[in-house]
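Student: I'd like to ask some things about the structure below.
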């Protein structure tokens, strides 16, 4: 049972948040995980999410926004159904990360942090995703794709567009 | 804490262990630069300017976070350190525009000073600066993002100091930015805004020109103003404020109020009213010529001579024909002590009446009488900074006395003071309180009865009676307790509370009132039954020499009742607006001759037969006494052609009435003036003479308009006003204790009417302050006027 009446989250997430608050010596330590889980459920950190999290943690909305704006992986606008995150840090860059990024931009017709008109894809240039051994790499939602070539990227995007890709959240 | 001895730049310094190195150096006269460090706020160590070399430590250390230790050897200024600071400055200047010639802070900017000192004006960085347009966050706070050096002073000031938490830091790295609490996308005009107490402390704390003041920005340069330290005219705290003043064609205009020199009793604090609401003085609505009502009912501008002659002649005729007891006098809460004293003396000795009163905002008579015979039991405002335990009964300092609230928060934060709050409302200070006692509505009387030992009253005082017991026991267990009393407690309730407090050996008291000199008005005897110093009218003691009537006069309400019966021949009002405050029907004054000293055409002034345009507290000299009884010096800052001080006007009216002015104002005493030499080796002698003579109360008072002559008399006659002149003259506060006799009769009407002012109102005066009106409208959610970012 949620401690917040009329929670905007699903009963499972709400219950998870109720427990999360109890895990740390100070309540506000639960802020970052809560923001991440909320983003996974809602798709982005909306004003309603900020309001409810602030209420859950006895924080001001300003405090939540301060933290929220610090992390580039937390977004305040909806992403596409599949959020394509291309790494351009050093290993990927040496192995053609920017080529992959440019290819994605061209292919999807969108730029960094933009969403396609049909809201299926969004694109982001990201910092290291920890797949240096298999560079260049990208991440679609929480799913990794590595040793990329432009051809492989086309296949991956086509798979997702056909609704056959894993939608890991 | 035991002292430790250490060495800085070869100089032996001793300081208590635990002192921060930067503070210890400051005390020893060694300046270590810092942007983020701010005394009294939490440590940030964000700016890296205060780095010093400490022997046996591997790297440069931040002096702002290093406590001193025994035997520490520190270098504060070496080429290595200079290089480090220069590099820091270059980084800080990476996004900072070098627009000092147009920046408000230019000339008093810490970054500018440091850039000059360390020579980092030329940058190694070729990257484009990250520019953003200026934003208006509220009517009084503007933000210039590129100038911000992210020292977090404003964020901490707002959160820790003010307990408002309206500012935060968003984003990160070079795009990090100070953000207000209403984000742009949630604001009706899609611009970020502040919803806060609008105190402007963030602007004061800002070491650069990133946060600028709506009142002052782009108006002048710091060195083009005269800076006058005087006392704020608004609430009863009596904050010292430094007014920046500039000459205009019709006087001197106040352009800025701040407290950057921190010399006053209020430390670095000023609230919205102190910082911005001086602008009523510059209002075009001010009355700047005497007005006399003509037979046809209109008001006509006349010469001063004519106005004084008319007022004096009429008052004299009415006094002689109908007697002094047919005349009423009402004084203001923002007069100096000297003016208030002179007004009551004028009323009692020239008009011959005790019908004198003021808008009372706290029951100081009972306060003084309940403490009769006690020594060292009244609190100075300074005590709120340091007392280990504080009890607040009634009142809401956050809104009514913001400086008191600031001190209490600091006391709790820095000294771990225990704060006990008993109130019928959930006042904001309960957030700092160790215990908050929610009283039942109107439960103050029951609370004092309960504290006095009447257990039966407990259920009337609070719904939770066990909390009441715990609260009382906790309070009684305190050894040193400061008891701050709100104006809700009067008469018998106030007396009982003070009697309860007196059972605690280390308890001290203060009664909070609403205006700059509310306490002074009561102390100076603007009361129908009390002479100055709470000497009863019926037994004038030291005042017997005045030969004033010894029968109690009419109080505020009785004066207007008398008017209603047609028994009031004349009413003399000085800087007060009783018609509006007491909802008096204007018709009652139709047969009364009314003289009003006023700045504006108030409800009361509209009924006047003679209006004398008055100077306000920022335009005169003298002394005022705050709620706590701390006496401070008021100095003339602003000036306006066509107005005169209340002091001068009272003397002139008395003169026209044929009074003996030498008896009214004891001037012309003291030594003869020795002006000294103005040139040559002994030049400046006159100044030195003057300072010495004034300090020793021997300066020549050559004019009947010299308020120091009245101060002499106050010092001579008013019990409790045995003040130190040098202390007053040097701009320091001094605590005075009332020396009243205990009450003769218990059934005195206190007639206290709290002003009901908030953070953004200030009685009638506040209505004429554009800044307060703007902030009220803004906090009432009216759209802001857009700022002009393009050059016009």
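Residue numbers (the numbering used here), protein chains in the order written: chain G, 1 to 169; chain X, 1001 to 1792. Glycine included, each C-beta is placed from N, C-alpha and C at the ideal position. Computed from a predicted structure; not experimentally measured.
Counting Cβ pairs, one atom from each stretch, are 3 or more of them under 8 Å apart for the stretch 1746-1761 of chain X and the stretch 1562-1575 of chain X?
Tutor: no
Student: Which chain X residues sit within Cβ distance under 7 Å of residue 7 (chain G)?
Tutor: Mapped onto the first chain, residue 7 (chain G) falls at position 7. Within chain X, no C-beta atom comes less than 7 Å from the C-beta of residue 7 (chain G); the nearest is roughly 21 Å away.
Student: What residue range does the beta strand (DSSP E) around residue 1005 (chain X) cover?
Tutor: Start at 1 with the first residue of the second chain, and residue 1005 (chain X) comes out as number 5. From DSSP, the beta strand (DSSP E) with residue 1005 (chain X) extends over 1003-1008.
Student: Nearest CA to the CA of residue 1339 (chain X): which residue from X:1254, X:1524, X:1492, X:1404?
Tutor: Taking the second chain and counting its residues from 1, the one referred to as residue 1339 (chain X) is at position 339. The residue with the shortest Cα to Cα distance from residue 1339 (chain X) is X:1524.
Student: Could you confirm whether any beta carbon from chain X is found closer than 7 Å to the beta carbon of residue 2 (chain G)?
Tutor: Counted from its first residue, the first chain places residue 2 (chain G) at position 2. Only weak support exists for where residue 2 (chain G) lies, its pLDDT of 49 falling under 50; the value from the coordinates is given anyway. No, its Cβ sits nowhere closer than 7 Å to a Cβ of chain X.
Student: For chain X, find out if any of its Cβ atoms is closer than 7 Å to the Cβ of residue 89 (chain G); answer yes or no.
Tutor: Looking up residue 89 (chain G) in the first chain gives position 89. Not one chain X Cβ lies under 7 Å of residue 89 (chain G).
Student: Which residues, in chain order, does the stretch 1154-1166 of chain X contribute to contact with chain G at a C-beta distance below 8 Å?
Tutor: For the stretch 1154-1166 of chain X, which is checked against every Cβ of chain G, the residues closer than 8 Å are 1165, 1166.
Student: In chain G, which residues lie less than 9 Å from residue 1046 (chain X) when you measure between Cβ atoms?
Tutor: Against the second chain, residue 1046 (chain X) aligns to sequence position 46. Neighbours of residue 1046 (chain X) on chain G: none; closest Cβ ~15 Å, over 9 Å.
Student: Confirm, please, whether the CB-CB distance from residue 1483 (chain X) to residue 1391 (chain X) is below 7 Å.
Tutor: If you number the second chain from 1, residue 1391 (chain X) lands on position 391. If you number the second chain from 1, residue 1483 (chain X) lands on position 483. Yes, these two residues count as a Cβ contact at 7 Å.
Student: Do residue 1147 (chain X) and residue 1096 (chain X) come within 7 Å of each other at the CB atom, strictly closer than that value?
Tutor: Taking the second chain and counting its residues from 1, the one referred to as residue 1096 (chain X) is at position 96. Taking the second chain and counting its residues from 1, the one referred to as residue 1147 (chain X) is at position 147. Cβ atoms of residue 1096 (chain X) and residue 1147 (chain X): closer than 7 Å.
Student: Curious, which full-length beta strand (DSSP E) runs of at least 3 residues does the stretch 1189-1238 of chain X contain?
Tutor: 1211-1213, 1226-1231
Student: Can residue 1715 (chain X) and residue 1231 (chain X) be called in contact, C-beta distance under 7 Å?
Tutor: Counted from its first residue, the second chain places residue 1715 (chain X) at position 715. Counted from its first residue, the second chain places residue 1231 (chain X) at position 231. Note that the C-beta distance between residue 1715 (chain X) and residue 1231 (chain X) is not below 7 Å.
Student: Of the choices X:1759, X:1026, X:1765, X:1763, whose alpha-carbon is the least far from that of residue 1196 (chain X)?
Tutor: Stepping through the second chain from its first residue, residue 1196 (chain X) is reached at position 196. Selected option, being the one with the closest Cα: X:1759.
Student: Reducing DSSP to helix, strand and coil, say where residue 1442 (chain X) ends up.
Tutor: Translated into the one-based positions of the second chain, residue 1442 (chain X) becomes position 442. Looking at residue 1442 (chain X) - three-state DSSP - the assignment turns out to be coil, as it is neither helix nor strand.
Student: Given a cut-off of 7 Å, decide if residue 1611 (chain X) and residue 1291 (chain X) are closer than it, judged by their beta-carbon atoms.
Tutor: Locating residue 1291 (chain X) in the second chain gives position 291, where the first residue counts as 1. Locating residue 1611 (chain X) in the second chain gives position 611, where the first residue counts as 1. Going by C-beta atoms, residue 1291 (chain X) is nearer than 7 Å to residue 1611 (chain X).
Student: Checking contacts by CB at 7 Å: is residue 1170 (chain X) closer than that to chain G?
Tutor: Numbered from 1 along the second chain, position 170 holds the residue referred to as residue 1170 (chain X). Any Cβ of chain G closer than 7 Å to the Cβ of residue 1170 (chain X) would place that residue at the interface, and such an atom is present.
Student: In this structure, does DSSP put residue 1407 (chain X) in helix, strand or coil?
Tutor: In the second chain, residue 1407 (chain X) corresponds to position 407, counting from 1. Residue 1407 (chain X): helix per DSSP, three-state reduction.
Student: Count the other CB atoms, across all protein chains shown, that sit within 10 Å of the CB of residue 98 (chain G); report buried if there are 16 or more and exposed otherwise.
Tutor: Taking the first chain and counting its residues from 1, one reaches residue 98 (chain G) at position 98. Counting Cβ neighbours within 10 Å, residue 98 (chain G) comes out exposed, since fewer than 16 surround it.
Student: Does any residue of chain G bring its CB to less than 7 Å from the CB of residue 1181 (chain X)?
Tutor: To locate residue 1181 (chain X), count along the second chain from 1; it is residue 181. Yes, residue 1181 (chain X) counts as interfacial toward chain G.
Student: Should the stretch 1613-1631 of chain X be called in touch with the stretch 1592-1600 of chain X, which here means at least 3 C-beta pairs below 8 Å?
Tutor: Cβ pair count under 8 Å is three or more, so yes.
Student: Since residue 1247 (chain X) is in the beta strand (DSSP E), which residue starts that stretch and which ends it?
Tutor: Here residue 1247 (chain X) is taken as the residue at index 247 of the second chain, counted from 1. Residue 1247 (chain X) -> beta strand (DSSP E) spans 1240-1248.
Student: State buried or exposed for residue 64 (chain G), treating a residue as buried only when at least 16 other CB atoms are found within 10 Å of its CB.
Tutor: By one-based count along the first chain, residue 64 (chain G) stands at place 64. By the 10 Å Cβ count, residue 64 (chain G) comes out buried.
Student: How long is the line joining the alpha carbons of residue 1001 (chain X) and residue 1019 (chain X), rounded to whole angstroms?
Tutor: Residue 1001 (chain X) sits at position 1 when you count from the first residue of the second chain. Residue 1019 (chain X) sits at position 19 when you count from the first residue of the second chain. Distance between the alpha carbons of residue 1001 (chain X) and residue 1019 (chain X) is about 9 Å.
Student: Under 7 Å between the Cβ atoms of residue 1534 (chain X) and residue 1475 (chain X)?
Tutor: Here residue 1534 (chain X) refers to the residue found at position 534 of the second chain. Here residue 1475 (chain X) refers to the residue found at position 475 of the second chain. The answer is no: Cβ separation not under 7 Å.
Student: Assign residue 1235 (chain X) to one of two classes, buried (16 or more other C-beta atoms within 10 Å of its C-beta) or exposed (fewer than that).
Tutor: Translated into the one-based positions of the second chain, residue 1235 (chain X) becomes position 235. The residue in question, residue 1235 (chain X), is buried, as its Cβ has 16 or more Cβ neighbours within 10 Å.
Student: Sort out for me which residues DSSP pairs residue 1293 (chain X) with in a bridge.
Tutor: Locating residue 1293 (chain X) in the second chain gives position 293, where the first residue counts as 1. BP columns for residue 1293 (chain X) point to X:1299.
Student: If you measure beta-carbon to beta-carbon, which residues of the stretch 1431-1462 of chain X are closer than 7 Å to chain G?
Tutor: none
Student: Would you mind listing the alpha helix (DSSP H) stretches within the stretch 1008-1054 of chain X that are 4+ residues and don't spill past its ends, in chain order?
Tutor: Along the stretch 1008-1054 of chain X, the alpha helix (DSSP H) occurs as fully enclosed runs of 4 or more residues at 1021-1027, listed in sequence order.
Student: Do the CB positions of residue 1241 (chain X) and residue 1270 (chain X) come within less than 7 Å of each other?
Tutor: The residue given as residue 1241 (chain X) occupies position 241 in the second chain. The residue given as residue 1270 (chain X) occupies position 270 in the second chain. Against a cut-off of 7 Å, the Cβ pair of residue 1270 (chain X) and residue 1241 (chain X) comes out as a contact.
Student: Among X:1646, X:1638, X:1359, X:1578, whose alpha-carbon lies nearest the alpha-carbon of residue 1282 (chain X)?
Tutor: Residue mapping note: residue 1282 (chain X) aligns to position 282 of the second chain, counting from 1. Residue X:1638 is the option with its Cα nearest to residue 1282 (chain X).
Student: Beta strand (DSSP E) containing residue 1421 (chain X): first to last residue?
Tutor: Start at 1 with the first residue of the second chain, and residue 1421 (chain X) comes out as number 421. Here the beta strand (DSSP E) through residue 1421 (chain X) covers 1418-1423.
Student: From which residue to which residue does the beta strand (DSSP E) around residue 1185 (chain X) run?
Tutor: Within the second chain, the letter at position 185 stands for residue 1185 (chain X). Premise fails: residue 1185 (chain X) is in no beta strand (DSSP E) and is neither H nor E.
Student: Classify residue 1671 (chain X) as buried or exposed, calling it buried when 16 or more other Cβ atoms lie within 10 Å of its own Cβ.
Tutor: Taking the second chain and counting its residues from 1, the one referred to as residue 1671 (chain X) is at position 671. Model confidence at residue 1671 (chain X) stands at a pLDDT of 49, short of 50, so the residue's coordinates are unreliable; what they give is reported in the following sentence. Under this definition residue 1671 (chain X) is an exposed residue.
Student: Hey, could you find the ends of the beta strand (DSSP E) residue 138 (chain G) is sitting in?
Tutor: In the first chain, the residue the question calls residue 138 (chain G) occupies position 138. Going by DSSP, residue 138 (chain G) is part of the beta strand (DSSP E) stretching over 138-140.
Student: Can you have a look at residue 5 (chain G) and say buried or exposed, based on whether 16 or more other CB atoms are within 10 angstroms of its CB?
Tutor: Translated into positions along the first chain, residue 5 (chain G) becomes position 5. Residue 5 (chain G) comes out exposed.
Student: What does residue 1618 (chain X) pair with, by DSSP beta-bridge criteria?
Tutor: As a position in the second chain, residue 1618 (chain X) is number 618, starting the count at 1. According to DSSP, residue 1618 (chain X) bridges with nothing at all.
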